[in-house]
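In the working numbering, each number is its position in the sequence shown, counted from 1, plus 186. All residues carry an ideal CB built from backbone N, CA and C; glycine is no exception. Predicted model, so just to flag it, every value in this text is computed and none were measured. What follows is one structure encoded as structure tokens, with my remarks underneath.
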Amino acid sequence: MRQPLVAGNWKLNGSLESVSALVSGIRAQMSIVRDTEVAVCPPFIYLQHVRQLLKGSEISLGAQDCSDQAEGAYTGEVSASMIREFGCTYVIVGHSERRHIYGESDAFVAAKFAQVRDNNLIPILCVGETLEEREQEQTEAVIARQLDAVLKHSGIGAFGNAIIAYEPVWAIGTGKTATPGQAQQVHAFVRSRLKEQDERVSGLIRILYGGSMKPENAGALMQEEDIDGGLIGGASLKAEDFIAITTA
Ligand code: PGA
């Protein structure tokens with residue numbers, strides 16, 4: 187069975203003070219979380235601090251991105267091996283904000299995914315269509331293209347220890363959530379695409395939903411057969427909301 191995972195993507199938010207308060211708020215409520223894995227993904231600069239604050243808890247740590255390169259003259263980059271040194275389990279790659287604001291291509295995301303896997307970390311590969319692509323009925327074509335770039339680069343075997351997050355771009359930070367039916371349809375498509383190459387991998391891989399997930403809609407989304415948890419942005423910045431999603 188697939189254990190649900192709820193991961194908080196803090197994006198470019200926080201300060202030493204607010205991050206500390208958020209972690210202690212989450213830790214204080216962890217006793218009500220059952221059978222669900224919880225992870226937080228702070229900005230790089232806070233990874234070490236949050237790692238210390240998480241000591242002795244069951245909460246996993248993740249990074250929001252990593253370099254496509256292993257090392258060398260790449261100013262401003264952070265490698266997967268560095269992230270690994272700081273006790274991370276997960277690394278988000280291909281978030282739509284990286285793809286659309288910073289122009290990351292499918293091939294670039296695939297190189298990052300490979301770096302994460304090469305360093306024995308677990309990638310959370312984000313895929314998702316824009317509103318325009320959905321209106322043009324391109325949703326499945328876009329998701330297939332994003333997945334295929336990674337499959338071509340790393341092979342289906344690399345998905346044996348990976349997570350996929352379906353995040354419709356039109357739902358991220360907009361307050362508009364995909365309906366459980368809309369999300370389930372895409373999640374099932376992702377699973378079927380992987381199943382064409384490896385039935386076992388497709389059955390085991392966890393596929394998270396992300397995009398304005400909040401306590402009020404999390405329960406209905408998570409009830410869908412192919413939705414195995416959530417990647418939470420805005421609502422992960424409030425301990426009560428984040429925990430309420432986790433227990434939904
Ligand atoms: P949101 O962000 O929950 O604020 O919509 C989700 C994400 O971008 O991962």
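Residue i at chain C interface by Cβ criterion, 9 Å
i           : result
residue 363 : Within the model displayed, chain C is absent; a lone protein chain is all it includes.
Exposure of residue i, with buried meaning 16 or more beta-carbon neighbours within 10 Å
i           : result
residue 315 : buried
residue 362 : exposed
residue 287 : exposed
residue 200 : buried
residue 386 : exposed
residue 194 : buried
residue 249 : buried
residue 412 : buried
residue 198 : exposed
residue 408 : buried
residue 344 : buried
Check: residue i C-beta below 8 Å from any heavy atom of the ligand PGA
i           : result
residue 404 : no
residue 408 : no
residue 281 : yes
residue 200 : no
residue 312 : yes
residue 415 : no
residue 358 : yes
residue 257 : no
residue 419 : yes
Spatially closest choice to residue i from the options, by CA coordinates
i           : options            : result
residue 399 : 387, 431, 385, 388 : 431
residue 339 : 292, 349, 187, 191 : 292
residue 391 : 397, 379, 285      : 379
residue 395 : 405, 365, 353      : 353
residue 311 : 251, 274, 269      : 251
residue 283 : 308, 359, 323      : 359
residue 236 : 264, 281, 207      : 207
Residues bridged to residue i [DSSP beta-bridge criterion]
i           : result
residue 394 : 351
residue 429 : DSSP, once it has assigned bridges, lists no residue as partnering residue 429.
residue 310 : 278, 349
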